[in-house]
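Student: Have a look at this one before I ask anything.
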Amino acid sequence: MDSQAQQWTQTLSRYVERTIMPDGRDTFESTPLLAQTLYRLSSRKGGSLADLGCGTGKSFAPFVGQYADIVGIDADAANLAAARQTWAGHSEIRLVEGEIGREDLPGYAADTVLTSLFLHQIPPDRLPQALKTIRRLLKPDGEWLMADELILFDAGQDAAKFDRVYRYLLEHTVPHEVYERQIKPYLLENHIYTWREMQENTPPEYRFRSLAELEKLLAEAGLFIETVEEITPFFGCLKIKAV
Numbered sequence: 072m073d074s075q076a077q078q079w080t081q082t083l084s085r086y087v088e089r090t091i092m093p094d095g096r097d098t099f100e101s102t103p104l105l106a107q108t109l110y111r112l113s114s115r116k117g118g119s120l121a122d123l124g125c126g127t128g129k130s131f132a133p134f135v136g137q138y139a140d141i142v143g144i145d146a147d148a149a150n151l152a153a154a155r156q157t158w159a160g161h162s163e164i165r166l167v168e169g170e171i172g173r174e175d176l177p178g179y180a181a182d183t184v185l186t187s188l189f190l191h192q193i194p195p196d197r198l199p200q201a202l203k204t205i206r207r208l209l210k211p212d213g214e215w216l217m218a219d220e221l222i223l224f225d226a227g228q229d230a231a232k233f234d235r236v237y238r239y240l241l242e243h244t245v246p247h248e249v250y251e252r253q254i255k256p257y258l259l260e261n262h263i264y265t266w267r268e269m270q271e272n273t274p275p276e277y278r279f280r281s282l283a284e285l286e287k288l289l290a291e292a293g294l295f296i297e298t299v300e301e302i303t304p305f306f307g308c309l310k311i312k313a314v
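For what it's worth, the working numbering labels the leading residue of the sequence shown as 72, then goes sequentially.
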């Protein structure tokens, strides 16, 4: 591993940790530092908060005691059961089973919507609907706090940088068995992979998204990015608001 990759790994380890969730998925979860970073980005305190894809309830921990009403929504009952154990005795917290991209998500009016590492959980064809759902959940003056994996630079203008990022993400975020068997044997050593090649050759479920792509989808849903806080060139925290 080169020095740049080591630096990315060290930085990311402070914000996300690889874990086996109660539902059995091998995935990444927020660390307390990432949750605190999202909390620091927030400009609204009090009122209502909705954590979409809340998992075991770690992401909204800093917000507990600052909001009168918190609802955590997750598609998996095992994750919610773990969250209920963690937050037993907190009457202001409700945990609800539901999927972000579904139109029948329980109705809710949130001052703050919180998501952490949720983009990779949404199939590409369902992402536009998921964004519209979040827009519907937000109060007109509310804000969405997002921590996620995004290409935060112009990959088309810096192919060498994208190649380094692309190889790193394939090795460190794709499930290990998939990477070793289906990806690593086919990577060319003396080749600079471009954004276009990634789009053309990567299965949709493993394709990386750019900030520019997200901005376009957000605009179509009536949302815009107010703040971007970069942690690495491919991971950061965003504050998003309604148009």
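No residue lacks a Cβ here, since even glycine has one placed at the ideal position from N, Cα and C.
Under three-state DSSP, which class holds A266?
Tutor: Translated into the one-based positions of the sequence shown, residue 266 becomes position 195. First, the residue type needs correcting, since residue 266 is Trp and not Ala in the sequence shown. DSSP places W266 in helix when its eight states are reduced to three.
Student: So the beta strand (DSSP E) T98 belongs to, where does it begin and stop?
Tutor: As a first step, residue 98 must be located in the sequence shown, where it is residue number 27. Here the beta strand (DSSP E) through T98 covers 97–101.
Student: For the pair the stretch 225–236 and the stretch 137–149, tell me if three or more CB-CB distances fall below 8 Å.
Tutor: Too few Cβ pairs lie closer than 8 Å, so no.
Student: With 16 as the cutoff for other CB atoms within 10 Å, does A218 come out buried or exposed?
Tutor: As a working note, residue 218 is residue 147 in the sequence shown. Classification of A218: buried, given that the 10 Å Cβ count is 16 or more.
Student: Which partner residues of V167 appear in the DSSP bridge assignment?
Tutor: Working through the sequence shown from its first residue, we reach residue 167 at position 96. Answer is I144.
Student: Work out the CA separation of T204 and D175 for me, nearest whole Å.
Tutor: On the sequence shown, residue 175 is found 104 positions in, with the first residue counted as 1. On the sequence shown, residue 204 is found 133 positions in, with the first residue counted as 1. Here the model assigns D175 a pLDDT of 49, short of 50, so the residue's position is not dependable and the matter cannot be decided.
Student: Go ahead and label F295 buried or exposed: buried means 16 or more other beta carbons lie within 10 angstroms of its beta carbon, across all protein chains shown.
Tutor: For this step, residue 295 is matched to residue 224 along the sequence shown. When all chains shown are included, F295 counts as exposed.
Student: Tell me, to the nearest whole angstrom, how far the beta carbon of L241 is from that of I254; I am working on the premise that it is less than 8 Å.
Tutor: Your numbering for residue 241 matches position 170 in the sequence shown. Your numbering for residue 254 matches position 183 in the sequence shown. So it is a contact: roughly 6 Å between Cβ atoms.
Student: Beta-carbon within less than 6 Å of E297's beta-carbon, same chain only, minus the 5 sequence neighbours each way: which residues are those?
Tutor: By 1-based counting over the sequence shown, the position of residue 297 is 226. Excluding residues within five positions, the ones whose Cβ falls inside 6 Å are K310, K312.
Student: Secondary structure at P211, three-state DSSP: helix, strand or coil?
Tutor: Numbered from its first residue, the sequence shown carries residue 211 at position 140. Strand at P211.
Student: Quickly, what does DSSP pair Y138 with across the bridge? List them, please.
Tutor: Here residue 138 corresponds to residue number 67 of the sequence shown, with the count starting at 1. Its beta-bridge partners are V135.
Student: Helix, strand or coil for H247? Go by DSSP, reduced to three states.
Tutor: If you number the sequence shown from 1, residue 247 lands on position 176. Residue state, collapsed to three classes: helix.
Student: Are the beta-carbon atoms of R85 and T102 separated by less than 8 Å?
Tutor: Numbered from 1 along the sequence shown, position 14 holds the residue referred to as residue 85. Numbered from 1 along the sequence shown, position 31 holds the residue referred to as residue 102. Yes. Within cutoff.
Student: Run the CB neighbour count on E62, radius 10 Å, all protein chains shown included, and call it buried at 16 or more, exposed below.
Tutor: Summary: the structure shown does not reach residue 62, with the chain confined to residues 72 through 314, and so no result is reported for it.
Student: What would DSSP say about L282, mapped onto helix, strand or coil?
Tutor: Position 211 of the sequence shown holds residue 282. Reduced to three states, the DSSP call for L282 is helix.
Student: Can S113 be considered in contact with the ligand COA, in the sense that its beta carbon sits closer than 7 Å to one or more heavy atoms?
Tutor: By its list of ligands, the structure shown contains no ligand whatsoever, and the ligand COA lies outside what it can speak to.
Student: With R85 as the anchor, note down where its alpha helix (DSSP H) starts and where it stops.
Tutor: Here residue 85 refers to the residue found at position 14 when the sequence shown is read from its first residue. That run of the alpha helix (DSSP H) goes 74–86.
Student: Tell me the rounded alpha-carbon separation between A154 and I193.
Tutor: Against the sequence shown, residue 154 aligns to sequence position 83. Against the sequence shown, residue 193 aligns to sequence position 122. Between A154 and I193, the C-alpha separation is close to 21 Å.
Student: Look at the alpha carbon of W266 and the alpha carbon of E284, and state the distance between them as a whole number of angstroms.
Tutor: Working through the sequence shown from its first residue, we reach residue 266 at position 195. Working through the sequence shown from its first residue, we reach residue 284 at position 213. Roughly 12 Å separates the two Cα atoms.
Student: For C308, which beta-bridge partners are listed by DSSP?
Tutor: Within the sequence shown, numbered from 1, the residue matching residue 308 stands at position 237. BP columns for C308 point to A218, E300.
Student: Taking the continuous beta strand (DSSP E) assigned at T273, which residues delimit it?
Tutor: Residue 273 sits at position 202 when you count from the first residue of the sequence shown. Premise fails: T273 is in no beta strand (DSSP E) and is neither H nor E.
Student: Tell me where the beta strand (DSSP E) around S119 begins and ends.
Tutor: The residue you call residue 119 lines up with position 48 of the sequence shown. Start and end: 119–123.
Student: Per DSSP, which one or two residues make a beta bridge with R89?
Tutor: Counted from its first residue, the sequence shown places residue 89 at position 18. Answer is F99, bridged to R89.
Student: Helix, strand or coil: how does DSSP classify T108 here?
Tutor: Numbered from its first residue, the sequence shown carries residue 108 at position 37. T108: helix per DSSP, three-state reduction.
Student: Between the alpha carbons of R238 and M269, how many angstroms are there, rounded?
Tutor: Here residue 238 refers to the residue found at position 167 of the sequence shown. Here residue 269 refers to the residue found at position 198 of the sequence shown. Going from the Cα of R238 to the Cα of M269 covers about 10 Å.
Student: Identify whether L198 lies in helix, strand or coil by the three-state DSSP scheme.
Tutor: Counted from its first residue, the sequence shown places residue 198 at position 127. Correct three-state label for L198: helix.
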